[in-house]
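**Student:** Per the working numbering, residue 28 is the first one in the sequence shown, and the count goes up by one each step.
By construction, the Cβ of each residue, glycine as well, lies at the ideal position given by its N, Cα and C atoms.
Predicted model, so just to flag it, every value in this text is computed and none were measured.
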Amino acid sequence: MGKGGMLSAQKKLLEATVAETGAQLQQQELTYYTANFGNMMTMASVIGGFAFSGILISTTYTGAGDDDAGSGYIDGSDLWISCTFYGLASVSVGACMSCALICLAVNVRGPGLALRGKDGSLKKSVDSMRRWQKIAFYFLGAGVISFHLEGLAYAWLMLHQDGAQLTVTIALGAFLVSMITVLVVIWRALRIEGAMVQGMLSENQFSEAYRRLAGQQDYGATEAAEEKEEPSMTDSLLASVGLAGAV
28 MGKGGMLSAQ
38 KKLLEATVAE
48 TGAQLQQQEL
58 TYYTANFGNM
68 MTMASVIGGF
78 AFSGILISTT
88 YTGAGDDDAG
98 SGYIDGSDLW
108 ISCTFYGLAS
118 VSVGACMSCA
128 LICLAVNVRG
138 PGLALRGKDG
148 SLKKSVDSMR
158 RWQKIAFYFL
168 GAGVISFHLE
178 GLAYAWLMLH
188 QDGAQLTVTI
198 ALGAFLVSMI
208 TVLVVIWRAL
218 RIEGAMVQGM
228 LSENQFSEAY
238 RRLAGQQDYG
248 ATEAAEEKEE
258 PSMTDSLLAS
268 VGLAGAV
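1) Under three-state DSSP, which class holds LYS353?
2) Should the segment 41–56 be called in touch with the segment 117–126, which here means at least 3 C-beta pairs below 8 Å?
3) For a test of the three-state rule: what should DSSP assign to SER117, helix, strand or coil?
4) Name the residue from LEU179, VAL209 and VAL211 whose alpha carbon lies nearest to the alpha carbon of ALA198.
5) Check whether the Cβ atoms of PHE112 and GLU47 lie closer than 8 Å to each other.
6) Excluding five sequence neighbours on each side, which residues of the same chain lie with their C-beta closer than 7 Å to the C-beta of GLY103?
7) Output the distance between the C-alpha atoms of TRP107 and TRP183, rounded to the nearest integer angstrom.
8) With C-beta atoms as the reference, is THR173 less than 8 Å away from LEU115?
9) Output the distance between the C-alpha atoms of PHE64 and GLY81, rounded to the nearest integer angstrom.
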């Protein structure tokens, strides 16, 4: 090993240690996003299945025409309600399935890229998952709200008893408002103040460490103020003798 070989090896070991620590921090982010996508995919699949069952409901014959109250068939005045019902059901199914497919694709491709990709693939995977998480959440929110409104449309389309439509409308409307309110309150309470901390180490952090090692910046552990030392008695006597000799 030549001159400075030991220091060079130790510096390379330090670089490898810092890179490994940064990878461990990003791995925590990767695990966090993977769990989030798994939860959203499960919820989107359940809501989408319920919404799809609404598409299979026949609104042509209600089965209520066995007596003299009516023929059991929906008349033309309910056509717009029927279109609204099927439209909301389709939107809910489409949004939930889009959310589920996004979550599936990200959970399959993201960890694979982070594990087997070239240098920098872990950062690319985490950044992509962070962006797609917002898109998947918007699709899931649209699917849940459409599914709720689908229930309201079903009440106005299929329930013809006195007060049934109004009761269902008030109940589902109250729950919809309460869900949105609770979601907003929780979102604001758990909001991250300022810039979000990421697992990837930035260049500024390395430059800051360099300034501290070079003595250009205090470490921050102890802020020692520079105090002016008082001259000792010996220094005072020497100064007096020197001053007298000069005179």
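**Tutor:** So, from the data block:
1) A question about residue 353 goes unanswered here, because the residues of the chain that appear run from 28 up to 274.
2) no
3) helix
4) LEU179
5) no
6) Note that GLY103 scores 47 on pLDDT, short of 50, meaning its location in the model is unreliable and no value can be drawn from it.
7) 11 Å
8) Checking the sequence shown, residue 173 turns out to be Ser, not Thr. Going by C-beta atoms, SER173 is nearer than 8 Å to LEU115.
9) 26 Å
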